[in-house]
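Engineer: Letter by letter, the sequence shown follows residues 1 to 421 in UniProt numbering.
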Amino acid sequence: MIDRTIAPRITLPQYVKLPQVGIRHTKNGIKLLSLDAGTQSVIRLTVVFAAGTRHQSHPFLASAMLNMLSEGSEKYSSARIAEILDFFGIYYDTNIDRDYSMVTISCLNRFLPQTLELLEQMLLHPVFDENELRIYTAKRKQNIKIEREKPSFIAREEFSKALFGEEHPYGAASDEDLYDGLTGDLLMEQYAKYYVASNCFAVTSGMVSEVELEMIEELLAKIPIGASIEDEAIGEPVSIREKYIPRKNALQASIRIGRVLFPKNHPDYNGMQIVAMILGGYFGSRLVQNIREEKGYTYGIYAAMVTLKQAGYFAVATDVAAEHSEDAVREIFYEMDRLGSELVCDEELEVVRNTIVGELMRLADGPFGVADITIESEQCGKTNDSVNEFLEEVREITPLRIRELAAKYLSSESMTRVVVG
1 MIDRTIAPRI
11 TLPQYVKLPQ
21 VGIRHTKNGI
31 KLLSLDAGTQ
41 SVIRLTVVFA
51 AGTRHQSHPF
61 LASAMLNMLS
71 EGSEKYSSAR
81 IAEILDFFGI
91 YYDTNIDRDY
101 SMVTISCLNR
111 FLPQTLELLE
121 QMLLHPVFDE
131 NELRIYTAKR
141 KQNIKIEREK
151 PSFIAREEFS
161 KALFGEEHPY
171 GAASDEDLYD
181 GLTGDLLMEQ
191 YAKYYVASNC
201 FAVTSGMVSE
211 VELEMIEELL
221 AKIPIGASIE
231 DEAIGEPVSI
241 REKYIPRKNA
251 LQASIRIGRV
261 LFPKNHPDYN
271 GMQIVAMILG
281 GYFGSRLVQN
291 IREEKGYTYG
301 IYAAMVTLKQ
311 AGYFAVATDV
321 AAEHSEDAVR
331 EIFYEMDRLG
341 SELVCDEELE
351 VVRNTIVGEL
361 MRLADGPFGV
371 ADITIESEQC
381 GKTNDSVNEF
391 LEEVREITPL
401 RIRELAAKYL
411 SSESMTRVVV
421 G
């Protein structure tokens, strides 16, 4: 007879079963990855270009060009594009980071022809109207001016500069007045150079049959092949140890602490993800327990590994009461050093394992979540098997290995710190 007063033993899964990824190539060479895993008649398409902010000849050019795709084409005005998106219930989004830009649409399957026709106009026939551009740049300048009043925004910019150097593609930040230098011709040059088939891949997911794949492939095949773009080495980062930026009458101080490490294909990356989780990656983490629960310095604090194509870094971020900024920095370093000198107990490690596995299950729940994993894997030159490689590391990692990694990479002497406030 089952004793219902005793909870069943928690066991970690041996692997995460992900849907099979279909792979085909369009006649112009675009790699199209597909996930037919939907239970509802919805489909999503993400088109990815290696056209992030480090691929630009003028500050703000890459993001402005991407965002202006929906502001007018040869056939449709910006207002008409907005009407079509609304009428057919099309979800449209753009995203850009240092390395990549992405255009995503999702819709009901029965509206895919109309959605792809609109996407064709935006991707293949943008006009970059000067009046629309001036409206866009005016809004962006105002938004950045408002953001620059916030210590957290300043800390984020200054931390990147402190980690990599102001001239480094991963560290550069620019004054908002440089938006005034953008022109329609500049945007068209950016578009013509980077939004080409030789610089692109795509991922579609949801209820994807051969019919939908042929329609998507037909659209992607119209993208010009373009000149092949070599991914040039970006140079070594030039880090500084410490930067303090005072803010008069600031009630809060924004803190960033971290160091340049390595991209996702490094053999220690998975282990360092686990170390970062223990330190500050979930609500019961050591930094949360110390700096939020015990000291009451902040509402939230987190630690994470951040991945870029040619680099990566470890970071801790928090906003604290201004009078406690020095104490908070000291406690952050204390927890880092403790993780590198003491063994994690089995109970804490078990909680972290369960938390990580739960998060993996959440990320892999549904075709769109798996599509996001697929995009990241493709960007890193890996496959979705990397999910189960990480899961294996989570199951097998030992307290000794955690201590070794923390001692190697988290010594307080190796950290860059930025405090604003």
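Beta carbons: idealized from backbone N, C-alpha and C, even for Gly.
State whether the region 365-382 contacts the region 229-240, with contact taken as three or more CB pairs (one from each stretch) at a distance under 8 Å.
Structural biologist: no
Engineer: Have a look at 230, 47, 340 and flag the residue whose alpha-carbon is nearest the alpha-carbon of residue 422.
Structural biologist: Outside the shown range of the chain, which is 1 to 421, sits residue 422, and nothing can be said about it.
Engineer: DSSP on residue 126, reduced to helix/strand/coil?
Structural biologist: As a working note, residue 126 is residue 126 in the sequence shown. Of the three classes helix, strand and coil, the one that applies to residue 126 here is strand, per DSSP.
Engineer: Using a Cβ-Cβ cutoff of less than 7 Å, which residues in the same chain neighbour residue 12 once the five nearest sequence positions on both sides are dropped?
Structural biologist: Taking the sequence shown and counting its residues from 1, the one referred to as residue 12 is at position 12. Cβ neighbours of residue 12 beyond the five flanking positions: 353, 357, 395.
Engineer: Give the secondary structure of residue 314 by DSSP, where H, G and I count as helix, E and B as strand, and everything else as coil.
Structural biologist: Counting from 1 along the sequence shown, the entry for residue 314 is found at position 314. DSSP places residue 314 in strand when its eight states are reduced to three.
Engineer: In this structure, how does DSSP classify residue 384 when only helix, strand and coil are distinguished?
Structural biologist: For the purposes of this step, residue 384 is taken as the residue at position 384 of the sequence shown. The answer is coil: DSSP assigns residue 384 none of H, G, I, E or B.
Engineer: Count the other C-beta atoms from every protein chain shown that fall within 10 angstroms of the C-beta of residue 30, then say buried if there are 16 or more, exposed otherwise.
Structural biologist: Walking along the sequence shown from the start, residue 30 turns up at place 30. That one is buried.
Engineer: Near residue 410, which residues of its chain fall below 8 Å by C-beta distance, leaving aside the five closest residues on each side in sequence?
Structural biologist: Position 410 of the sequence shown, counted from the start, is the residue given in the question as residue 410. Same-chain partners within the cutoff: 275, 279, 314, 336, 337, 339, 340.
Engineer: Restricting to Cα atoms, I'd like to know which of 66, 99, 43 is closest to residue 186.
Structural biologist: Translated into the one-based positions of the sequence shown, residue 186 becomes position 186. Residue nearest to residue 186 within the set 66, 99, 43 is 66 (criterion: CA-CA distance).
Engineer: What residues in its chain sit with their C-beta under 8 Å from that of residue 16, if we drop five residues either side in the sequence?
Structural biologist: Position 16 of the sequence shown holds residue 16. The residues are 360, 361, 364, 387, 388, 391.
Engineer: Taking only the alpha-carbon atoms, compute the straight-line gap between residue 98 and residue 328 and give it to the nearest angstrom.
Structural biologist: For the purposes of this step, residue 98 is identified with residue 98 of the sequence shown, where counting begins at 1. For the purposes of this step, residue 328 is identified with residue 328 of the sequence shown, where counting begins at 1. Distance between the alpha carbons of residue 98 and residue 328 is about 30 Å.
Engineer: Counting Cβ pairs closer than 8 Å, one from the region 180-195 and one from the region 65-79, do we hit at least three?
Structural biologist: yes
Engineer: List, from N- to C-terminal side, the beta strand (DSSP E) runs of 3 residues or more that fit wholly inside the region 302-374.
Structural biologist: 312-321
Engineer: Along the beta strand (DSSP E) that carries residue 95, what are the first and last residues, could you check?
Structural biologist: By one-based count along the sequence shown, residue 95 stands at place 95. Segment 91-96, the beta strand (DSSP E) holding residue 95.
Engineer: So, with DSSP's three-state summary, where would you put residue 177?
Structural biologist: Translated into positions along the sequence shown, residue 177 becomes position 177. It is helical.
Engineer: Should residue 49 go down as buried or exposed, given a rule of 16 or more other Cβ atoms within 10 Å for buried?
Structural biologist: Numbered from 1 along the sequence shown, position 49 holds the residue referred to as residue 49. So residue 49 counts as buried.
Engineer: Assuming contact is defined by CB atoms lying nearer than 7 Å, are residue 326 and residue 291 in contact in what I supplied?
Structural biologist: For the purposes of this step, residue 326 is taken as residue 326 along the sequence shown, with counting starting at 1. For the purposes of this step, residue 291 is taken as residue 291 along the sequence shown, with counting starting at 1. No, they are not a contact pair.
Engineer: Less than 8 Å between the CB atoms is what I'm expecting for residue 140 and residue 179, so what's the real figure, rounded?
Structural biologist: As a position in the sequence shown, residue 140 is number 140, starting the count at 1. As a position in the sequence shown, residue 179 is number 179, starting the count at 1. Between residue 179 and residue 140 the Cβ distance is about 6 Å, and since that is below 8 Å, they are a contact.
Engineer: Comparing alpha-carbon positions, which option in 33, 84, 87, 103 lies nearest residue 52?
Structural biologist: As a working mapping, residue 52 is identified with position 52 in the sequence shown. Ranked by Cα distance from residue 52, the options 33, 84, 87, 103 are led by 103.
Engineer: Return the residue from the list 310, 342, 312, 248 that minimises the CA-CA distance to residue 286.
Structural biologist: As a first step, residue 286 must be located in the sequence shown, where it is residue number 286. Out of 310, 342, 312, 248, 342 has the C-alpha closest to the C-alpha of residue 286.
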